[in-house]
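Residue numbers (the numbering used here), protein chains in the order written: chain B, 167 to 480; chain C, 591 to 891. No residue lacks a Cβ here, since even glycine has one placed at the ideal position from N, Cα and C. A short worksheet on the structure shown next.
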């Protein structure tokens with residue numbers, strides 16, 4: 167197992183290099199490079215070749231990449247075109263918002279998905295099962311930007327209530343902060359829990375068909391003990407694998423809900439950067455999203471080995 | 591000779607065609623009874639196609655026309671879904687919006703699936719270093735969640751409906767090609783491939799005529815998934831202002847930007863376009879589930 171873990175950890179480096187190459191190249195194939203855009207916006211008109219030299223765009227591509235990636239390794243991700251400040255400042259400012267949102271959303275997802283997924287499997291083909299499954303299909307069908315719009319519009323129309331507009335950090339004003347976060351977290355959590363619930367249900371059903379469950383029931387153990395002690399533990403293994411997909415959902419979910427709920431997180435920052443054509447900021451954010459997703463998938467792979475001792479990797 | 595053939599055809603046609611048609615219908619009825627949700631999904635998708643194709647006949651008004659004195663009207667007989675802040679008939683805009691969703695779903699979905707099939711086929715069939723190189727690139731692309739990849743692509747290409755379509759299709763290729771590569775690898779082991787090889791068939795021929803038909807089940811499933819994913823992705827990106835631009839009646843655009851300010855006064859502006867998207871996605875989801883059960887019982891969950 168240690169060998170596998172070590173190999174898997176080593177394997178992450180080619181992926182990270184590939185990731186950075188893609189982000190790098192993507193920003194270099196912009197039709198009619200970035201300098202034209204800066205010169206258009208800039209009040210103090212500099213000459214194009216000067217600007218190109220300043221941004222390092224006159225160097226050969228491999229040298230640009232080496233410069234950029236060594237900068238990244240040192241924590242220097244470039245300077246924002248828009249604010250003229252290091253892009254890491256923007257990320258430092260917005261990351262806590264996104265992390266908080268994702269954390270609450272995943273709690274919502276887990277709290278909803280696990281019990282109802284189990285209920286749905288244990289009471290298969292009863293009214294409970296149908297209700298749970300219908301709700302999960304419905305939740306999967308409503309895109310989060312629509313759900314987000316509805317949870318703002320409906321309370322506003324019915325009770326004239328809108329969530330507080332100006333963002334307050336949780337350490338300054340926890341009450342206002344939670345008032346701002348619970349709705350968007352619920353919106354992201356809804357679709358995430360639907361996926362997770364379906365997965366829990368099918369994994370649970372699979373396990374309940376196994377011989378050792380029949381044996382346990384035949385021994386005279388109560389249904390409850392069998393479900394909670396024997397089945398649940400084993401059915402959670404495949405559920406862990408959707409965690410990677412869950413993180414993807416959380417990341418894209420935050421991009422959309424932050425825009426709807428006016429929360430100054432990484433997602434909002436990215437969308438604004440795209441609108442302002444702030445390429446260094448876009449580049450940094452996309453790189454960070456990719457990094458988070460890659461690490462989440464690594465965590466999934468590793469936890470899979472820990473959770474399922476039957477799997478041996480040479 | 592010719593006339594006797596003609597006569598046989600005449601005789602054969604009614605007696606053969608009718609039962610065949612009836613049995614196909616009966617088979618579909620049996621399937622529909624066994625998978626009622628799947629049939630409902632198919633019905634909803636058919637509805638999308640019909641509405642999209644017949645939009646000019648079905649829409650009571652021009653989707654771009656601002657009717658004077660008709661701003662923010664609540665739903666009524668003359669405007670069943672009300673009007674928006676510019677006095678445009680919402681029902682007509684939603685009907686025309688079906689065209690955009692269908693077009694994106696079909697084109698981006700097909701492009702993504704085709705791209706994935708090509709890459710997966712080359713990677714899986716060629717093997718060796720070709721496979722290795724392609725898979726490392728796919729690894730790197732899969733390090734981004736789909737919508738983020740599409741977002742980054744749109745950021746470089748610039749926001750427009752065409753670029754969104756390209757971005758969605760390209761964003762789908764890594765995942766699709768990975769699944770198809772797996773199917774190709776297992777099909778490659780089959781005896782009929784060795785047989786074709788022994789008969790001296792060239793590699794491309796084996797790949798296209800022997801392997802592709804045998805990986806059609808995952809291809810169809812992926813295409814149905816791609817159709818749905820593309821529709822959601824277009825709506826999401828348009829919603830974020832990165833896809834179709836106003837006044838295009840895309841469902842995502844109708845929920846976005848300037849119209850949001852009016853939604854608390856005119857909730858129908860928010861409810862109906864979203865309802866249209868949700869219904870379509872619901873249809874695709876349940877249809878896709880049924881399709882997966884029928885085509886690949888091993889994947890049943």
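Checklist entry - For residue 889 of chain C and chain B, any beta-carbon pair shorter than 8 Å? => result As a first step, residue 889 of chain C must be located in the second chain, where it is residue number 299. Legend: pLDDT at residue 889 of chain C = 47, less than 50; position of this residue unreliable, value from coordinates given subsequently. So no, residue 889 of chain C is outside the interface.
Checklist entry - Taking 7 Å as the cut-off, is the CB of residue 801 of chain C close to at least one heavy atom of the ligand MG? => result Annotation note on the ligand MG: not contained in the displayed structure, which lists no ligands.
Checklist entry - Which whole-angstrom value is the C-beta distance of residue 770 of chain C and residue 706 of chain C, which I expect to be below 8 Å? => result As a working mapping, residue 770 of chain C is identified with position 180 in the second chain. As a working mapping, residue 706 of chain C is identified with position 116 in the second chain. That pair is a contact at about 6 Å.
Item to check | Proximity to residue 773 of chain C [Cα-Cα], best of C/624, C/640, C/695 and C/797 | outcome: Residue numbering aside, residue 773 of chain C sits at position 183 when the second chain is read from its first letter. Of the listed residues, the one whose Cα sits closest to residue 773 of chain C is C/797.
Item to check | Opposing strand residues paired with residue 679 of chain C [DSSP bridges] | outcome: As a first step, residue 679 of chain C must be located in the second chain, where it is residue number 89. Answer by DSSP bridge pairing, in chain order: C/673.
Checklist entry - Of all Cβ atoms in chain C, is any one closer than 8 Å to the Cβ of residue 355 of chain B? => result Position 189 of the first chain, counted from the first residue, corresponds to residue 355 of chain B. Not closer than 8 Å to any Cβ of chain C, the Cβ of residue 355 of chain B fails to qualify, so no.
Item to check | Stretch-stretch touch, CB-based, cutoff 8 Å, three pairs: the stretch 868–878 of chain C with the stretch 297–313 of chain B | outcome: yes
Checklist entry - How should residue 346 of chain B be labelled, buried or exposed, when 16 other C-beta atoms within 10 angstroms of its C-beta is the threshold for buried? => result As a position in the first chain, residue 346 of chain B is number 180, starting the count at 1. Burial call: buried.
Checklist entry - Is it true that the CB of residue 814 of chain C sits closer than 8 Å to the CB of residue 877 of chain C? => result Your numbering for residue 877 of chain C matches position 287 in the second chain. Your numbering for residue 814 of chain C matches position 224 in the second chain. In contact: residue 877 of chain C and residue 814 of chain C (Cβ atoms closer than 8 Å).
Item to check | Interface partners of residue 755 of chain C on chain B, CB under 7 Å | outcome: The sequence position of residue 755 of chain C within the second chain is 165, counting from 1. The contacting residues do not exist; residue 755 of chain C stays about 17 Å from chain B at best.
Checklist entry - Does the distance from the C-beta atom of residue 834 of chain C to that of residue 843 of chain C stay below 8 Å? => result One-based indexing of the second chain puts residue 834 of chain C at position 244. One-based indexing of the second chain puts residue 843 of chain C at position 253. It is a contact, given that the beta carbons lie within the stated cut-off.
Next on the checklist: According to DSSP, is residue 292 of chain B part of a helix, a strand, or is it coil?
Outcome noted: Counting from one through the first chain, the residue named residue 292 of chain B turns up at place 126. Coil.
Checklist entry - Can a CB atom of chain B be found closer than 8 Å to the CB of residue 622 of chain C? => result Your numbering for residue 622 of chain C matches position 32 in the second chain. It does not: the Cβ of residue 622 of chain C has no partner Cβ on chain B nearer than 8 Å.
Item to check | Nearest candidate by alpha-carbon position, reference residue 405 of chain B, set B/419, B/276 and B/430 | outcome: Translated into positions along the first chain, residue 405 of chain B becomes position 239. Minimum Cα distance to residue 405 of chain B is reached at B/276.
Item to check | Stretch-stretch touch, CB-based, cutoff 8 Å, three pairs: the stretch 410–426 of chain B with the stretch 233–249 of chain B | outcome: no
Item to check | Proximity of residue 415 of chain B and residue 351 of chain B at Cβ, strictly below 8 Å | outcome: Here residue 415 of chain B refers to the residue found at position 249 when the first chain is read from its first residue. Here residue 351 of chain B refers to the residue found at position 185 when the first chain is read from its first residue. No. Outside cutoff.
Checklist entry - How many Å lie between residue 661 of chain C and residue 329 of chain B at the Cα? => result By one-based count along the second chain, residue 661 of chain C stands at place 71. By one-based count along the first chain, residue 329 of chain B stands at place 163. Going from the Cα of residue 661 of chain C to the Cα of residue 329 of chain B covers about 27 Å.
Next on the checklist: Below 8 Å on C-beta distance, what does residue 831 of chain C contact in chain B?
Outcome noted: Here residue 831 of chain C is taken as the residue at index 241 of the second chain, counted from 1. Chain B residues near residue 831 of chain C: 437 and 441.
Next on the checklist: So residue 822 of chain C and residue 418 of chain B are supposed to be a Cβ contact under 8 Å. How far apart are they, rounded?
Outcome noted: Within the second chain, the letter at position 232 stands for residue 822 of chain C. Within the first chain, the letter at position 252 stands for residue 418 of chain B. The pair is not a contact, with the Cβ atoms about 10 Å apart (cut-off 8 Å).
Item to check | Near-chain B residues of the stretch 859–872 of chain C - C-beta to any C-beta below 7 Å | outcome: 860, 864, 867, 868, 871 and 872
Checklist entry - Taking any Cβ of chain C, which residues in the stretch 256–274 of chain B have a Cβ under 8 Å from it, in chain order? => result none
Next on the checklist: So within the stretch 762–812 of chain C, which uninterrupted alpha helix (DSSP H) runs reach at least 4 residues, ignoring any that extend past its ends?
Outcome noted: 781–788
Next on the checklist: Looking at residue 633 of chain C: is its Cβ nearer than 8 Å to the Cβ of residue 441 of chain B?
Outcome noted: For the purposes of this step, residue 633 of chain C is identified with residue 43 of the second chain, where counting begins at 1. For the purposes of this step, residue 441 of chain B is identified with residue 275 of the first chain, where counting begins at 1. Going by C-beta atoms, residue 633 of chain C is not nearer than 8 Å to residue 441 of chain B.
Next on the checklist: Here's the rule I'm using: 16 or more other beta-carbon atoms within 10 Å means buried, otherwise exposed. How should residue 646 of chain C be labelled?
Outcome noted: In the second chain, residue 646 of chain C corresponds to position 56, counting from 1. Residue 646 of chain C is exposed by the Cβ-count criterion.
Checklist entry - Quick one: what's residue 350 of chain B bridged to in DSSP? => result What you label residue 350 of chain B is simply residue 184 of the first chain in a count that begins at 1. Answer is none; residue 350 of chain B lacks a bridge partner.
Checklist entry - Ends of the alpha helix (DSSP H) at residue 335 of chain B? => result Mapped onto the first chain, residue 335 of chain B falls at position 169. Careful: residue 335 of chain B lies outside any alpha helix (DSSP H) and carries neither H nor E.
Checklist entry - Mapping DSSP to helix, strand and coil, what is residue 245 of chain B? => result Start at 1 with the first residue of the first chain, and residue 245 of chain B comes out as number 79. Residue state, collapsed to three classes: strand.
Item to check | residue 841 of chain C classed as buried or exposed, judged by whether at least 16 other C-beta atoms fall within 10 angstroms | outcome: Within the second chain, residue 841 of chain C is the residue found at index 251, counting from 1. Buried: at least 16 other Cβ atoms inside 10 Å.
Next on the checklist: By the three-class DSSP mapping on this structure, what secondary structure does residue 252 of chain B have?
Outcome noted: The count along the first chain starts at 1 and reaches residue 252 of chain B at position 86. Correct three-state label for residue 252 of chain B: strand.
Checklist entry - Do we get a CB-CB distance below 8 Å when we pair residue 854 of chain C with the residues of chain B? => result Position 264 of the second chain, counting from 1, holds the residue named residue 854 of chain C. Interface residue, yes.
Checklist entry - Quick one: which chain B residues come within Cβ less than 9 Å of residue 673 of chain C? => result The residue labelled residue 673 of chain C in the question sits at position 83 within the second chain. Within chain B, no residue comes near residue 673 of chain C; the closest Cβ sits about 17 Å away, beyond 9 Å.
Checklist entry - Does residue 316 of chain B come within less than 8 Å of chain C when only Cβ atoms are used? => result Taking the first chain and counting its residues from 1, the one referred to as residue 316 of chain B is at position 150. It does: the Cβ of residue 316 of chain B has a partner Cβ on chain C nearer than 8 Å.
Checklist entry - Does DSSP put residue 591 of chain C in a helix, in a strand, or in coil? => result One-based indexing of the second chain puts residue 591 of chain C at position 1. For residue 591 of chain C, the predicted structure reports a pLDDT of 38, less than 50, and the residue's modelled location is therefore unreliable. The matter cannot be settled from this model.
Next on the checklist: Between residue 374 of chain B and chain C, is any beta-carbon pair separated by less than 8 Å?
Outcome noted: Walking along the first chain from the start, residue 374 of chain B turns up at place 208. For residue 374 of chain B, the answer is no, since every Cβ of chain C falls outside 8 Å of its Cβ.
Item to check | 8 Å Cβ cutoff, residue 592 of chain C in contact with chain B | outcome: Residue 592 of chain C sits at position 2 when you count from the first residue of the second chain. In this prediction, residue 592 of chain C has a pLDDT of 41, which is less than 50 and means its spatial position is unreliable; nothing more can be read from the coordinates.
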